[in-house]
Amino acid sequence: MNKTVIIYASIHHKNTEKLLTEISKEIEIDIFNINKIKEVDFSKYETIGFASGIYMGKFHQSIYTFLENHEADIPKKTFVLCTSGIGKGRYAKKFSSYLQDKGFEVLGAFECKGFDTYGLFKFFGGLAKGHPNTKDIENAVAFVKNLEAKTPM
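Under the working numbering, think of the first position of the sequence shown as 4, with each following residue one higher.
What follows is the structure, given as structure tokens:
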């Protein structure tokens, strides 16, 4: 039985999905694309991760809607992963604060660069082309493994 689930939104370039695909090859976890999720029995999970690309400076709206609709049903131990054109860590921190304000225990947050062609960036070839790269993926896997070592997943 998996004790960890990750709910994610990865829309334009699938940057976040790339990270999660590689993480799931290394660690036994369940991952669900928020746009394809139907019914999930959250009672079998102890930890839930939320992962998203960054859209207009925040996690995808579908993640917020999911939280509104399922807050009472999901585990209160959580962690955060995200990809953004900038990849500086501020978006993961912002979403972590949002979760803490809702009463969740945030175990950690990870953010890396992801290819971004939003708005004017597309005219200049985009930001963070080639990301997430091998190093980003290795760091994401190490992040989740570190969480697993601290809190058995």
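Positions of the beta carbon are idealized from the N, C-alpha and C atoms, including for glycine.
Taking only the alpha-carbon atoms, compute the straight-line gap between residue i and residue j and give it to the nearest angstrom.
{"i": "residue 11", "j": "residue 89", "result": "19 Å"}
{"i": "residue 43", "j": "residue 138", "result": "32 Å"}
{"i": "residue 74", "j": "residue 82", "result": "15 Å"}
{"i": "residue 96", "j": "residue 40", "result": "25 Å"}
{"i": "residue 145", "j": "residue 30", "result": "10 Å"}
{"i": "residue 22", "j": "residue 140", "result": "6 Å"}
{"i": "residue 72", "j": "residue 105", "result": "13 Å"}
{"i": "residue 116", "j": "residue 91", "result": "8 Å"}
{"i": "residue 108", "j": "residue 17", "result": "27 Å"}
{"i": "residue 149", "j": "residue 136", "result": "20 Å"}
{"i": "residue 147", "j": "residue 57", "result": "20 Å"}
{"i": "residue 153", "j": "residue 59", "result": "33 Å"}
How would you call residue i, buried or exposed, if buried means at least 16 neighbouring beta carbons within 10 angstroms?
{"i": "residue 76", "result": "exposed"}
{"i": "residue 114", "result": "buried"}
{"i": "residue 68", "result": "exposed"}
{"i": "residue 143", "result": "buried"}
{"i": "residue 100", "result": "exposed"}
{"i": "residue 15", "result": "exposed"}
For residue i, which residues in the same chain have their Cβ closer than 8 Å to its Cβ, ignoring the five residues on either side in sequence?
{"i": "residue 36", "result": "11, 12, 13, 20"}
{"i": "residue 38", "result": "12, 65"}
Give the C-beta separation of residue i and residue j to the nearest angstrom, bearing in mind that I take them to be a contact with Cβ-Cβ under 8 Å.
{"i": "residue 80", "j": "residue 110", "result": "6 Å"}
CB-CB under 6 Å to residue i, same chain, minus the five flanking residues each way: which ones, in chain order?
{"i": "residue 157", "result": "Past the boundaries of the shown model lies residue 157; the chain is included only from 4 to 156, so the question cannot be answered."}
{"i": "residue 34", "result": "9, 23, 27"}
{"i": "residue 78", "result": "48, 49, 50, 51"}
{"i": "residue 93", "result": "none"}
> Which parts of the segment 37–92 are runs of the alpha helix (DSSP H), unbroken and 4 residues or longer, counting only runs that do not cross its ends?
Replying inline: 64–73
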